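For reference, the structure discussed in these notes is given below.
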Amino acid sequence: MQSPPLDPKVSDLAPTDTVLTPYDEAHIVTYLRLLDAEAEMADWIEVARVVLGIDAIAEPDRARRAYESHLARAKWMASHGYRHLLRRGGDETNK
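So my numbering is basically just the index in the sequence shown, starting at one, shifted up by 106.
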């Protein structure tokens, strides 16, 4: 896996697949930033602006949906999705 971009453009909704997607791989840094922000109890409006690049004042519904779906995906990555990365890393070293 190549290094993920530090600030990729986000979709309005994060994936909900039960497997790791190319979108997930590109947004690993985004997911980590969201988890950090939640741990610090940051205001979701500020997180939407800074991390997701969506103005929650101008587009509150879109920002909230994007924030909630990406945070849910970040939590899935932390509890399940990372295993896909580990398996893939093991597969690449065994070739």
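Glycine is no exception: its CB is placed at the ideal position from the N, C-alpha and C atoms.
Quantities reported herein were computed from a predicted structural model and do not represent experimental measurements.
Residue ranges of each alpha helix (DSSP H) run of no fewer than 4 residues wholly in the region 164-188, ordered along the chain?
166-182
For alanine 60, which residues from the same chain have a beta carbon less than 6 Å from its beta carbon, with the 5 sequence-adjacent residues on both sides left out?
Because the chain in this structure spans residues 107 to 201, residue 60 falls outside the shown range and cannot be described.
Classify valine 125: buried if its beta carbon has 16 or more other beta carbons within 10 angstroms, exposed otherwise.
The residue you call residue 125 lines up with position 19 of the sequence shown. Valine 125 is exposed by the Cβ-count criterion.
Identify the continuous alpha helix (DSSP H) that holds proline 128 and give its terminal residues.
Residue mapping note: residue 128 aligns to position 22 of the sequence shown, counting from 1. That run of the alpha helix (DSSP H) goes 128-132.
How should threonine 136 be labelled, buried or exposed, when 16 other C-beta atoms within 10 angstroms of its C-beta is the threshold for buried?
In the sequence shown, counting from the first residue as 1, residue 136 sits at position 30. If you draw a 10 Å sphere on the C-beta of threonine 136, you find 16 or more other C-beta atoms in it, and that means buried.
Given leucine 191 as reference, the closest of Thr127, Ser117 and Lys115 once Cα atoms are compared
Your numbering for residue 191 matches position 85 in the sequence shown. Closest by alpha carbon: Thr127.
Pick helix, strand or coil for isoleucine 160, following the three-state DSSP scheme.
Looking up residue 160 in the sequence shown gives position 54. Coil.
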